[in-house]
Structure formats: C-alpha cells, structure tokens
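Peer 1:
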Amino acid sequence: MKLTRRELLKMGLISICGAVIPVSAFEVFKPEALASLIHPFSKKKRWAFVVDTTKCVGCGMCVKACKLENDVPFYADIQRTWVERYVQRKGGEVIIDSPRGARYGFTANDPQGRTDVPEDDISKGFFVPKLCNHCEKPSCVQVCPAGATYKTEDGVVLVDRKWCIGCGYCITNCPYFARFFHPVYNTADKCTFCYHRITKGRKTACVEACAFGVRKIGLLNDPDSEVFNIVKTERVAVLKPEYGNEPHVFYIGLDHIVR
Amino acid sequence: MEAGSINESVHGALWTIRELYTYPNEYMYWTVHIVVYPFLTGLVAGAFVLSSMYHVFGKEQLKPVAKFSLVFSLALLIMAPVPLLFHLTQPFRSINIMLTPHFYSAIAAFTLVYLTYMAIVMSEIWFVFRPFIVKNALEKTGLMGLIYKVMTLGSYDVSETALHTDEKIIKVLAAVGIPAAAFLHGYVGFIFGSVKTVPLWKTPLMPFIFLMSAIISGVAICIITYTVGMSLTRKFICGASIRSMAKVLSMFLIIAFMLEGIDIVFHAYTAEEFWGILSELLFQRFAFKMIVIQWVCGMILPMILLFIPNVSILRAFISACLVIIGVFMMRWDVVIGGQSMSRSFAGFLNYKLPILPTSIEAFREGLFAVIILLVAPFVLLFIFNKVLPVFTEVFTEEECKLSEGK
Amino acid sequence: MSSHAWRPVVVIVAVVIAGLVVRQMIIPKDFTAKNGDYKYQWHRASNEDEWKRMEPKHMGRDFCQQCHPDKIEAVADSGHQHVQCENCHVQFDPEKRGHKTIDLKADYKYQLDIGIDRSRELCKRCHSQLKYRPSVYTNFSKGPIPFKMIDPEKHNAGVECVMCHDVHKTGFKTGVK
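Just so you know, the sequences run in chain order B, A and S.
If you count the first sequence from 1, you need to add 143 to reach the numbering used here.
If you count the second sequence from 1, you need to add 7 to reach the numbering used here.
If you count the third sequence from 1, you need to add 14 to reach the numbering used here.
(1) In whole angstroms, give me the CA-to-CA distance for residue 128 of chain A and residue 136 of chain A.
(2) Under 6 Å Cβ to Cβ from residue 327 of chain A, same chain only, skipping five residues before and after it: list those, please.
(3) Please tell me whether residue 193 of chain B and residue 359 of chain B are closer than 8 Å, where the distance is taken between their beta carbons.
(4) Taking residue 126 of chain A as the query, report the chain S residues whose CB atoms sit under 7 Å from its CB, ordered along the chain.
(5) Below 8 Å between beta carbons: does that hold for residue 384 of chain B and residue 278 of chain B?
(6) Would you report the Cα separation of residue 168 of chain S and residue 135 of chain S, rounded to the nearest angstrom?
(7) Kindly indicate which three-state DSSP category residue 364 of chain B falls into: helix, strand or coil?
(8) Counting contacts by CB-CB distance shorter than 8 Å, is residue 154 of chain B in contact with chain S?
(9) Please confirm if residue 286 of chain B has its CB atom under 8 Å from at least one CB of chain A.
(10) Distance, Cα to Cα, residue 89 of chain S vs residue 95 of chain S?
(11) Where residue 379 of chain B and residue 373 of chain B are concerned, what is the direct C-alpha to C-alpha distance, given to the nearest angstrom?
(12) Just to confirm my understanding: we take residue 58 of chain S, look at its own chain, exclude 5 residues before and 5 after, and list those with CB closer than 8 Å. What are they?
(13) Which first and last residues belong to the alpha helix (DSSP H) in which residue 370 of chain A is found?
(14) Which of helix, strand or coil does DSSP assign to residue 267 of chain B?
(15) Which residues in the same chain as residue 56 of chain A place their Cβ atom closer than 7 Å to its Cβ, once the five residues preceding and following it in sequence are excluded?
(16) For the putative contact between residue 172 of chain A and residue 32 of chain S, defined by C-beta atoms under 8 Å, what is the C-beta separation to the nearest angstrom?
(17) Return the CA-CA distance between residue 151 of chain S and residue 355 of chain B, expressed in angstroms with no decimal places.
(18) Count the other CB atoms, across all protein chains shown, that sit within 10 Å of the CB of residue 81 of chain S; report buried if there are 16 or more and exposed otherwise.
(19) Check whether the Cβ of residue 338 of chain B lies closer than 8 Å to any Cβ atom in chain S.
(20) Shortest alpha-carbon distance to residue 102 of chain S belongs to which of S/172, S/75 and S/187?
(21) What number of angstroms, rounded off, separates the C-alpha of residue 138 of chain A from the C-alpha of residue 145 of chain A?
(22) Quick one: which residues of the segment 18-44 of chain A get their C-beta closer than 8 Å to a C-beta of chain B? List them in chain order.
(23) Taking Cβ-Cβ distances shorter than 8 Å, what residues in chain S pair up with residue 271 of chain B?
(24) Find out if the Cβ-Cβ distance for the pair residue 329 of chain A, residue 304 of chain A is shorter than 8 Å.
(25) Can you check whether the C-beta of residue 252 of chain B is within less than 8 Å of a C-beta belonging to chain A?
(26) Verify the CB distance criterion: does residue 361 of chain B have a CB-CB separation below 8 Å to chain A?
(27) For residue 362 of chain A and residue 375 of chain A, what's the separation of their Cα atoms in angstroms?
(28) For the segment 203-224 of chain B, which residues have a CB atom closer than 8 Å to at least one CB atom of chain A, in sequence order?
(29) Leaving out five residues before and five after residue 348 of chain A in sequence, what residues of the same chain have Cβ atoms less than 6 Å from its Cβ?
(30) Please identify the residue among A/67, A/80 and A/58 whose C-alpha is closest to the C-alpha of residue 383 of chain A.
(31) Using the C-alpha atoms, what's the distance from residue 398 of chain A back to residue 307 of chain B?
(32) Using a Cβ-Cβ cutoff of less than 6 Å, which residues in the same chain neighbour residue 310 of chain A once the five nearest sequence positions on both sides are dropped?
(33) Identify, in the order they occur along the chain, each residue of the same chain with its Cβ nearer than 7 Å to the Cβ of residue 210 of chain B, setting aside the five sequence neighbours on each side.
(34) Note the first and the last residue of the continuous alpha helix (DSSP H) segment covering residue 276 of chain A.
(35) Quickly, what does DSSP pair residue 292 of chain B with across the bridge? List them, please.
(36) Can you tell me where the beta strand (DSSP E) with residue 168 of chain A in it begins and where it stops?
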C-alpha cells in the first residue's frame, strides 16, 4: 500500500471524527440537569444531613460512636467524622484545631495545644462537626478510575472495599478531606451515613450518640422529615460551595472562618 | 494512652509531619512514587521525540543516538508504571482499571494511552531492527537464535523493496509517535491539572508544562547516557550529535521556562484566597528546592551554558546533568509542594522521605525503592542492548565532521 | 504492502482480542452504570448490599434496657435523658472493660466491649468550663436549662466525679450534700 499525502490526510480526518463522535455521545443533554439548578430539592429519594453548630459542645461522643460503629480503629488518627474547634481572639487571630479528631472531646481551653489563649481574649469560638458531605456531584467518585466508589440511588457515596485499588485519587480530589486509607482494609474509606443503619430504619451512630441534637439525618424528599423542614425553612449553608460538588450536609450557624 | 503501633499502620502517618491546622485525615497521600512516575514518563517522551527527529525530520547528526533513544524509551516505558504499583495500597488489583475503566477519571485512560504508545514504540523498534533480527535469526543458534527467530514474527523478507517499505513505515510510526508521546505525557500533566482541590496543580497549563519539562529531561538523559556510554566503551563521541541535541534541549528549555513562569505569575495574580499560604510555600519552605535548584540550577544556568556559542561536549554534558536534576526537582515541587499546602489553607504538611526500610511500608515508600526504580531503566537498557545493540551506528571522526555541515 | 509489514498489526490485534476475552471472563457480572449514570453510579451493584448487610453495633438504650430497666428509668427522667449508654460505657481500652463480656456474635457478629469509666476526663468532655460552649441546654424535655459547667482545676480537683454525683440521676448521691 502506498500512501499519498492526500490519502494520509483523509484517513487522519476520518479517524479523528470517528474518535470524537463516540466521546460526545457520553454527555447527552439532560433537561433535569438544568432543572436541578433551579429547584434545589430533588423529587427522588435523597439522604441528607443537618448539623446545628450552635448546639455543639464539642464532647466528641459522635466521633467515639462512629469509630465503634464502623470498625475504624479507635486509636488510629483517621476519622469518618470529626469535630473542629474555631477560636477567634480579640486581635482577629483565628486558631483552629481538632486534636485526634476530637475523639476524646475538648476538655480544656488549649486550642492547638496552646496555653497562651486566655478566655477573656477570645471574642468568639464554636465547634463544627464534620463528616462526608455526600455530594450530589461527588468529585471523588468522578475521578475513581476503576468504578470502586459510587453514589447510590438515594445519594449516599460508598466505597467498594473489594474493588478499590488504593490509588488515592479520590482522597486527593475531596475538598473536605473526608476520605482516608483504612488501616485494616487498605482501601479508601469514608463516612457511609451508616448505610447499614439508615436502610434498616435506624439513625446513624453519630446522630444517636449526640445528646445535644446537633446532628440530624433524614430524607430530603420526605415532607415530614426534620432535615427537610430545616433546609426548607431555615438559613442553612454548606461547606466550600465554590467547588460545585453540591454537598448535602447542611450547616446552621456557619461562620466565614470555617474552613 | 495511644497505641502507637496502630497509628503507624495509618497510610501516610509515617512520612507526614503536620503543622498548624490540617484536617484530621490529611496526610501526604501522593508521595515520592508519584514524583518518580511523571519523571520516568517524561524521559520516555523526550527520548522518543529525539529519535523521531532523526526518522521524521532527517536530522543526520542524530543518527548515532536514533536507535539508542528509541530502545531507551522502551526501557523507560516499561518501567514507567512500576512506581504506581509501589504506590497503590492494593497493587494486585491494578488490573481493575482495565477491567472496569471509568473514563470520567483521568487515570482510567492511562492503560489505553500507555498500551497504544507501547504498541507504536515496539513496532517501530521491530521495523528499525528487522534486518538485524533476520540476520541473527539465520546465523545464531541456541537460546539467542530462538529469541531472534521469535522476534522475526516469521518474516525473513529483507529484500530491497521490503526494506524500502520498512523505511516508510518507520517514518509514519515515528511521526504518529510524536503526538502519542506528547499525549502520554501531557495526559500525566492533566491528571494533576484536573485536581481541583490542590491550587498549585489546578491550571490548564499543567499538561504543557509537564510536556516541555518531559522533553528537556528526555533529551538531557540521552546526552548523558550517550556520552557516558561512549566513554565507557571507548568509542568516539561525536560533537556534532551532542551539539544537535543541545540545540533541541535549549529550544525546549526556553518554552519550559516560559510556561512555568507564566504559571507562577498567574497564580500570584489571581489566587487571592490562597496566595498568602502559597507565597509562604514558594518563598520560604520550598525556596531552595524551587528557586535555587529548579529554576536557577535546572533552567537558567543550563540556558546560559547552552546559549554561549560553540557548545563543547563537557558544557552540554554539564547542562544536561543540571537539567535532569532540575526536572526531577520540578516533579518533586509539583507533587510534594502541591500537597504541602493544607486543604484548609491554614496549615502545612511536611514530607519526610523514609530512608531506612524498617518496615514493608517504609521500604515501599522509601529511598531504596526509589533508587531501584531509577536504576531499573538502565539495567533494562543494558539487557536490551545485548539483544538489540543500540550503538552500532556511531559515527567515526570523519563521519562526524561530515555530518556537521549538513 | 508486502506481507511482513502486517505482522506487528496481527500481533497487536491478537493481544487486544485476547485481552478483551479475558476481561469478559473475569469482570464481575453485576458491574453496571445504574440509571445509565456512568459518571457517578458505575459500580458493582452487589456492593450496595454488602454495605447494607453490616450489623449495627451502636445499640442504643432499648438494648441495655433488657437487663438494666432500673438504670434506664432513672436516666430517662434526668438531665442525661439524651445521653446514650454507649457514650460513657463503651471502652476501647481493655483495662477499663469491667462488664462481663456479652457475646453478641451469634446475633450481631461482634463482641460488646463495655465497662465503667470513672475518670474525670470522661465527664470533662461535656462539663468542663469553656467560654465557647453553649451555656443553655435546649434539648431537655422539661424546657431549656442552664448547662452545668465546672472549672476542673478548681472544682474538687483530683476527686472522681462519681464520688458525689449520681450520673444516672444527674444529682448528688444520697447522703452527699
């Protein structure tokens, strides 16, 4: 076979077109995708979480309960949920910490282990419990090369422990750092909204363990659920909305210093 | 109170030191192997482009290194994904990427890009070495003979017309290989550039930055290996070839320098929310690595050395060494530096490379594994050289002089 | 083109076909993109059930009530009404596990590790004085009450809290004033 320049060009063009058409077929226009920009509540079954930071006392019982419930070794420094302490001094300096993920709670006024922050010098302070945000558009799921992490139909993001290869791409792509490598299974691990509990009609371990009513879990599409009513009637915020992940953990009493 | 042994098994705790506020799960998850991996693929791309310069553009001066750089790029290509296997916490499942690829992920296409490129390089090598393989298959006996017989793929046709066809195919493959090599490496840049959570990585320039530094590192490693290889075998080192390579090196060096400069300036100009922490990173913590080694030693110094007219072999060799060190440092600064900045923008993570292999994890992620991975391509090249000698077409002094004028 | 030039192509095609055949053989059968959502729902469908099948471990008050109805009754009426038994009684430290082992392996596939923690550290998690702790407890069934906080360095330092306080009734122990 002899290739002239013209033929080569022709073949090249055809192969480029051939490659482009199947790729473009991946993203078909979906009207409901556009609609979701206008209506924040989807009609389909969707788990969501509410955290009322104004009530949190930083006891860390949720962290303890989560570690028990989900077989995350208690003494290992990785957490599915954790509590952060934010302290702002009168001079404006912000001190953030979460010693050992707050699994022993906050028992003294020692932000970041410092003893030079007297109580009268603190202008404001509060606790922010964190967990996986179970985003509507989870960037961690998007980047999993093997399909080992996914979003269930009811909006919970899970990891397949038998299929995960442990590349860490999902961990790197989570804006909230809700993921980590499980020291026993050696795969990516994260909060599952206690999927085994919520699908059996129970609340998550952290919600059950919280004596202060900080945490609430429920269905966003259920008009009777407390979560839906809070999201519907109160001013709630989400963490790092600029990443566009559409997180589904809603916060009451969030502050601009929260990271 | 704390059971230390459990905490040591947390992936990342061994080599991460945290400062100020970092998220509790925040460790350096992409470590030294993710530095070595783009470094090796970069060398592949550079070496291949060099060999294509001879095959496609007919740069006569590059004839002595054409075969060598082609085979070397194969050796590097085979070793390129090995750091990833060291990096994975479940290396035996790496096949899952091929079984159930998720093409929304930048990594998933890796096997496709990689294998396509591998096919191109291998077929080109086959066509380039075909006369040699056929000759040996007919002459040699025993194990080597068998190897060559298998390598002929059953075709012993070395007639004039057949060789003429080969030449044409080589040209096409070399030409197709350039975009493929560029894609392979630009794609590695894309893996980083698309991580939206790491501000230092998130730039559409990333593929091009990686590509340019890939080419300079590949050309530089060819200058070094050619010079060292010739010196060891006491053959004549052709100044014309070196100068030709040095010219390619200097041209791409300028582009790489500009791109990396634009990147930093752009970050400084636009990134209000994290420029405070980023400038601390660039000008304090990574000042020596980034400014002194990566930019001054790795780019500006070799540029000056190469732009002074009448490049000598020694000068080219020194600049090539500087470029290699600079590019490795650039990979380090990108991968480690990018993650050094806590995602809370309120703290830092420091990376401490495990030196002594005190445990499996410390070995796997440690210095010795890195050394093994960096030496392996040369060992592979040495083995390949036994089967397919790469330095058969070196110039004699006269040929070298002759090629200079072309 | 002469025949030899096609041989690498033949080899490549053979390798690709072999790869695809092997892939078909070992890929899990239930690997799907649910609802056609390849971006976010490309997964092994049976993994959802694997997660659902896990057993709850945090049992809650109803479970403990089976053996300790008196304690539950007292707590339910006190300020600690929303504090779950596990909050205080789950022990990760083997030395603190005082309760006789309850083997729940048959029913719940795990060993319940509980005991009594009398350390001040446990009570301090909620009750040590911090300026940024909410000062009113709003969740109490009898209406909002001031949240009890003490300065652990000044409030009977070195003494176990349970010496004076009955944590189940949230008051002083009988005979203590």
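All C-beta atoms in this analysis are idealised placements derived from N, C-alpha and C, irrespective of residue type, glycine included.
Peer 2: A quick look at the data gives this:
(1) Within the second sequence, numbered from 1, the residue matching residue 128 of chain A stands at position 121. Within the second sequence, numbered from 1, the residue matching residue 136 of chain A stands at position 129. When rounded, the distance between both Cα atoms is 12 Å.
(2) Looking up residue 327 of chain A in the second sequence gives position 320. Cβ neighbours of residue 327 of chain A beyond the five flanking positions: 227, 230 and 231.
(3) Taking the first residue of the first sequence as position 1, residue 193 of chain B is located at position 50. Taking the first residue of the first sequence as position 1, residue 359 of chain B is located at position 216. Against a cut-off of 8 Å, the Cβ pair of residue 359 of chain B and residue 193 of chain B comes out as a contact.
(4) Here the question's residue 126 of chain A lines up with position 119 in the second sequence. Here the neighbours are 26.
(5) Along the first sequence, read from residue 1 onward, the residue named residue 384 of chain B stands at position 241. Along the first sequence, read from residue 1 onward, the residue named residue 278 of chain B stands at position 135. Contact annotation: residue 384 of chain B and residue 278 of chain B have beta-carbon atoms that are not nearer than 8 Å.
(6) If you number the third sequence from 1, residue 168 of chain S lands on position 154. If you number the third sequence from 1, residue 135 of chain S lands on position 121. Cα-Cα distance, rounded: 15 Å.
(7) Taking the first residue of the first sequence as position 1, residue 364 of chain B is located at position 221. Correct three-state label for residue 364 of chain B: coil.
(8) Position 11 of the first sequence, counted from the first residue, corresponds to residue 154 of chain B. By the rule that beta-carbons nearer than 8 Å mark a contact, residue 154 of chain B does not touch chain S.
(9) Within the first sequence, residue 286 of chain B is the residue found at index 143, counting from 1. Yes, residue 286 of chain B counts as interfacial toward chain A.
(10) Along the third sequence, read from residue 1 onward, the residue named residue 89 of chain S stands at position 75. Along the third sequence, read from residue 1 onward, the residue named residue 95 of chain S stands at position 81. If you take the alpha carbons of residue 89 of chain S and residue 95 of chain S, they lie about 5 Å apart.
(11) Taking the first sequence and counting its residues from 1, one reaches residue 379 of chain B at position 236. Taking the first sequence and counting its residues from 1, one reaches residue 373 of chain B at position 230. Straight-line Cα distance between these residues: approximately 8 Å.
(12) Numbered from 1 along the third sequence, position 44 holds the residue referred to as residue 58 of chain S. Shown here for residue 58 of chain S: same chain residues with a beta carbon closer than 8 Å to its own, the five before and five after excluded, namely 42, 44 and 45 in chain order.
(13) The residue given as residue 370 of chain A occupies position 363 in the second sequence. Unbroken alpha helix (DSSP H) run through residue 370 of chain A: 367-371.
(14) Position 124 of the first sequence holds residue 267 of chain B. It is a strand residue.
(15) On the second sequence, residue 56 of chain A is found 49 positions in, with the first residue counted as 1. Hits under 7 Å: 185, 188, 222 and 225.
(16) The residue labelled residue 172 of chain A in the question sits at position 165 within the second sequence. The residue labelled residue 32 of chain S in the question sits at position 18 within the third sequence. With a Cβ gap of about 28 Å, residue 172 of chain A and residue 32 of chain S do not count as contacting.
(17) Within the third sequence, the letter at position 137 stands for residue 151 of chain S. Within the first sequence, the letter at position 212 stands for residue 355 of chain B. About 8 Å.
(18) Numbered from its first residue, the third sequence carries residue 81 of chain S at position 67. Exposed is the call here.
(19) Sequence index remark: in the first sequence, residue 338 of chain B carries index 195 (1-based). Residue 338 of chain B counts as touching chain S.
(20) Residue numbering aside, residue 102 of chain S sits at position 88 when the third sequence is read from its first letter. The residue with the shortest Cα to Cα distance from residue 102 of chain S is S/75.
(21) Sequence index remark: in the second sequence, residue 138 of chain A carries index 131 (1-based). Sequence index remark: in the second sequence, residue 145 of chain A carries index 138 (1-based). Rounded to whole angstroms, the separation of the alpha carbons of residue 145 of chain A and residue 138 of chain A is 11 Å.
(22) Within the segment 18-44 of chain A, 18, 19, 20, 27, 28, 30, 31, 32, 33, 34, 36 and 37 place their CB atoms closer than 8 Å to a CB of chain B, listed in sequence order.
(23) Walking along the first sequence from the start, residue 271 of chain B turns up at place 128. None at all; the shortest Cβ gap to chain S is about 11 Å.
(24) The count along the second sequence starts at 1 and reaches residue 329 of chain A at position 322. The count along the second sequence starts at 1 and reaches residue 304 of chain A at position 297. Result yes, Cβ atoms of residue 329 of chain A and residue 304 of chain A sit closer than 8 Å.
(25) Mapped onto the first sequence, residue 252 of chain B falls at position 109. So, not an interface residue.
(26) Looking up residue 361 of chain B in the first sequence gives position 218. Using a Cβ-Cβ cut-off of 8 Å, residue 361 of chain B does not count as an interface residue toward chain A, since no Cβ of chain A sits closer than that to its own.
(27) Within the second sequence, residue 362 of chain A is the residue found at index 355, counting from 1. Within the second sequence, residue 375 of chain A is the residue found at index 368, counting from 1. Cα to Cα, the separation comes out at about 7 Å.
(28) Residues passing the 8 Å Cβ filter: 216, 218, 219, 220, 221 and 222.
(29) Stepping through the second sequence from its first residue, residue 348 of chain A is reached at position 341. These residues qualify, in order along the chain: 284 and 288.
(30) Taking the second sequence and counting its residues from 1, the one referred to as residue 383 of chain A is at position 376. Residue A/80 is the option with its Cα nearest to residue 383 of chain A.
(31) Against the first sequence, residue 307 of chain B aligns to sequence position 164. Against the second sequence, residue 398 of chain A aligns to sequence position 391. Cα-Cα distance, rounded: 44 Å.
(32) Working through the second sequence from its first residue, we reach residue 310 of chain A at position 303. When the five nearest sequence neighbours on each side are left out, the beta carbons in the same chain lying within less than 6 Å of the beta carbon of residue 310 of chain A are those of 260, in order along the chain.
(33) For the purposes of this step, residue 210 of chain B is taken as residue 67 along the first sequence, with counting starting at 1. For residue 210 of chain B, where only same-chain residues beyond five positions count, the Cβ hits under 7 Å are 217 and 246.
(34) For the purposes of this step, residue 276 of chain A is identified with residue 269 of the second sequence, where counting begins at 1. For residue 276 of chain A, the enclosing alpha helix (DSSP H) has its first and last residue at 246-277.
(35) As a position in the first sequence, residue 292 of chain B is number 149, starting the count at 1. Its beta-bridge partners are B/302.
(36) Here residue 168 of chain A corresponds to residue number 161 of the second sequence, with the count starting at 1. Unbroken run through residue 168 of chain A is the alpha helix (DSSP H), 167-200; no beta strand (DSSP E).
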